[in-house]
Structures are given as C-alpha cells and as structure tokens.
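Colleague: So the sequence shown is numbered by my numbering: it starts at 93 and just counts up by one.
Note that the Cβ used here is the ideal one computed from N, Cα and C, for glycine as well.
This one's a predicted model, so the numbers in the text were calculated from it and none came from an experiment.
Encoded as structure tokens, here's the structure I'll be asking about.
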Amino acid sequence: MMQPELLNGSSLAFIGDAVLSLYVRQHLLESGLTKAKVLQETSTKYVSAKAQAQFVQILLAENTLSDEELLIYKRGRNHRSDSIAKNADVVTYRQATGFEALIGYWYLTENKTRLEQIWNQMKTTI
Numbered sequence: 093m094m095q096p097e098l099l100n101g102s103s104l105a106f107i108g109d110a111v112l113s114l115y116v117r118q119h120l121l122e123s124g125l126t127k128a129k130v131l132q133e134t135s136t137k138y139v140s141a142k143a144q145a146q147f148v149q150i151l152l153a154e155n156t157l158s159d160e161e162l163l164i165y166k167r168g169r170n171h172r173s174d175s176i177a178k179n180a181d182v183v184t185y186r187q188a189t190g191f192e193a194l195i196g197y198w199y200l201t202e203n204k205t206r207l208e209q210i211w212n213q214m215k216t217t218i
C-alpha cells in the first residue's frame, strides 16, 4: 500500500500534475469545447506554472491551507528537481510544483472533498 505522507515532493507533484490535467480536461469538455487547438490553449490557463503559482499565492494569502497542507506544499516547493521550467522562472516553477504536490497528496489520500473544494475555487478564480 502506498503511503503518500512518505513520498517526496516530486513524486506527489508527478501524480498531482496528472490529476489536475484530468480535472481541467473534463471541465473544458463539459463546458462544450471540442476543438483540439482551443482545448489545448484553454487548458494552459489552468495547468501552466504561472497560473498554478498565482493560484497557490491566493490560497496562501487567504490562509486556506491547514498546517499539514502547508507542509505538503513546502515539501513540493522545496524539493530539488532536475527538471527545468520551460516557460517560468525558478520561483514560479517551484510554487507550481508545491501546488501539484498538494493535488497529488489529496488524491492519494482519497481526500476528494478537499480536492473538489480547491478545484472549484480554482475554476472560479482563473
């Protein structure tokens, strides 16, 4: 059995990236978008490092995260990565990685309520 609390930030972000991408794609299709180019362009508004970093800054400013969630975010943000951001500076990339780590943690701990709550907030914010 997987123990999400023992995974490093990069591993949590790896699964979080996939989960967020699925949520975004489902949302866009449910919104009636069907053209591949439009879907790709619109999804970037949610999954880009810049968008994720801006959104997590809102969560932090509003004290939305619990102490435990803040630790998970920091684990993802502070994890030394060999990856290089394509379209973002290092700070933005790390903040986005921290956010993806949170998504991954909620998914792996089956905290669907929290995942949905944050996703709904993200949809209305972006």
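Here's the rule: buried if 16 or more other CB atoms are within 10 angstroms of the residue's CB, otherwise exposed. What is Arg172?
Modeller: Counting from one through the sequence shown, the residue named residue 172 turns up at place 80. With fewer than 16 other Cβ atoms within 10 Å, it is exposed.
Colleague: Closer than 7 Å: is that where the CB of Gly108 sits relative to any heavy atom of the ligand MN?
Modeller: This structure lacks the ligand MN, and indeed carries no ligand of any kind.
Colleague: Please classify Ser113: does DSSP put it in a helix, a strand, or coil?
Modeller: For the purposes of this step, residue 113 is taken as residue 21 along the sequence shown, with counting starting at 1. The answer is helix: DSSP assigns Ser113 an H, G or I state.
Colleague: CA-CA distance, Lys166 and Gly190?
Modeller: Translated into positions along the sequence shown, residue 166 becomes position 74. Translated into positions along the sequence shown, residue 190 becomes position 98. Taking the straight line from one Cα to the other gives about 6 Å.
Colleague: Could you spell out where the alpha helix (DSSP H) holding Thr205 opens and where it closes?
Modeller: Counting from one through the sequence shown, the residue named residue 205 turns up at place 113. Residues Lys204 to Thr217.
Colleague: Does the beta-carbon distance from Tyr185 to Ala141 come in below 8 Å?
Modeller: One-based indexing of the sequence shown puts residue 185 at position 93. One-based indexing of the sequence shown puts residue 141 at position 49. Contact flag set, yes.
Colleague: If Ala193 sits next to Ala105, beta carbons under 8 Å apart, how far is it from one beta carbon to the other, in whole angstroms?
Modeller: Locating residue 193 in the sequence shown gives position 101, counting from the first residue. Locating residue 105 in the sequence shown gives position 13, counting from the first residue. With 8 Å as the limit, Ala193 and Ala105 qualify as a contact, their Cβ atoms being about 4 Å apart.
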